[in-house]
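Here the structure comes first, spelled out in structure tokens, and everything after it is commentary.
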Amino acid sequence: MAAEIIEFPERGRDRLVSSIARLETIVGEVERIVADEPEAGVDRLLAIMERMGDQLVDLASLVLDEGSKLQAQKAFISLSDKIAETRLAFEQVEDRTRT
């Protein structure tokens, strides 16, 4: 009887590949918007940045140790807060220019 080599997928590898593919899709979307729709607006680009941050946190959870995961999560929470502040600032500027 011949021995068969059975390859088991690396744990988390499918999630890692999937997460990277989603991140690449987001990057492609940003590149397309910048090239084809520069008037798309800051709000749309900020929304994409939030999605990209979520994907990066997902990737971090797959490849980093627990301490580094927590640092990454804190960094992206901070990024999300800054995005919210930026949105608010742009809304206030738009309100002022309309009146």
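Residues 1401 to 1499 in the working numbering are what the sequence shown lists, from first letter to last. Where a beta carbon is used, it is the ideal one built from N, C-alpha and C, also for glycine.
The alpha-carbon separation between K1482 and V1442 amounts to approximately 13 Å. Rounded to whole angstroms, the gap between the alpha carbons of R1422 and D1458 is 10 Å.
If you ignore the 5 residues before and after F1490, its C-beta comes within less than 8 Å of the C-beta of V1442 and D1443, all in its own chain and listed in chain order. Counting along the chain, the unbroken alpha helix (DSSP H) around G1467 starts and ends at E1466 to R1498. Beta-carbon to beta-carbon, Q1455 and I1477 are separated by about 15 Å, too far to satisfy the 8 Å threshold.
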